[in-house]
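See structure below.
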Amino acid sequence: MQIPLFAVIILLILLFLLIPAFRLRGRIMEEEKETFVVIDGSTFWSSRWGKVKIYEAESPQEGEPEYEEAKRFLSDMLSSRSVKIIPIRKDRKGGIVAKVLVGGEDLAEKIRKRIEGR
2 MQIPLFAVII
12 LLILLFLLIP
22 AFRLRGRIME
32 EEKETFVVID
42 GSTFWSSRWG
52 KVKIYEAESP
62 QEGEPEYEEA
72 KRFLSDMLSS
82 RSVKIIPIRK
92 DRKGGIVAKV
102 LVGGEDLAEK
112 IRKRIEGR
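In this note's numbering, the protein residues as written are 2 to 119.
Below, the structure is given as structure tokens:
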């Protein structure tokens, strides 16, 4: 049984058109992935931006009460919602200070409310 020539040509054209679309889709998805590592309750490392200090957010430092809870809160916030980082300036150590929106809401405000609610 021989496959008609026009069927082979149509299959080749479809493959030619679809392969670049699959490659492009993979690239877009890879660029959207961003990973975060929490340093303390108001600072984290971003795979895209490097070290990020949340603008107008304060949290307990290592050794202070609530330090681990603050880190856990920030980790939960960064992993559970869409995150938008808006750089404001560089800090003294070369990282950035940024306004961070989580699910469209200001993360610094969420941190303040959490601290006030203790």
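We put the CB at the ideal spot given by N, CA and C, even for glycine. Keep in mind it's a predicted model, so treat the numbers as computed, not measured.
Query	Result
Cβ shell of ILE112 (< 6 Å), same chain only, five flanking positions each side left out	ALA58
Check whether TYR56 and LYS100 have beta carbons under 8 Å apart	yes
Residue(s) in a DSSP beta bridge with GLY51	SER47
Three-state secondary structure assigned by DSSP to LYS91	strand
SER76 versus VAL98 - alpha carbon distance	18 Å
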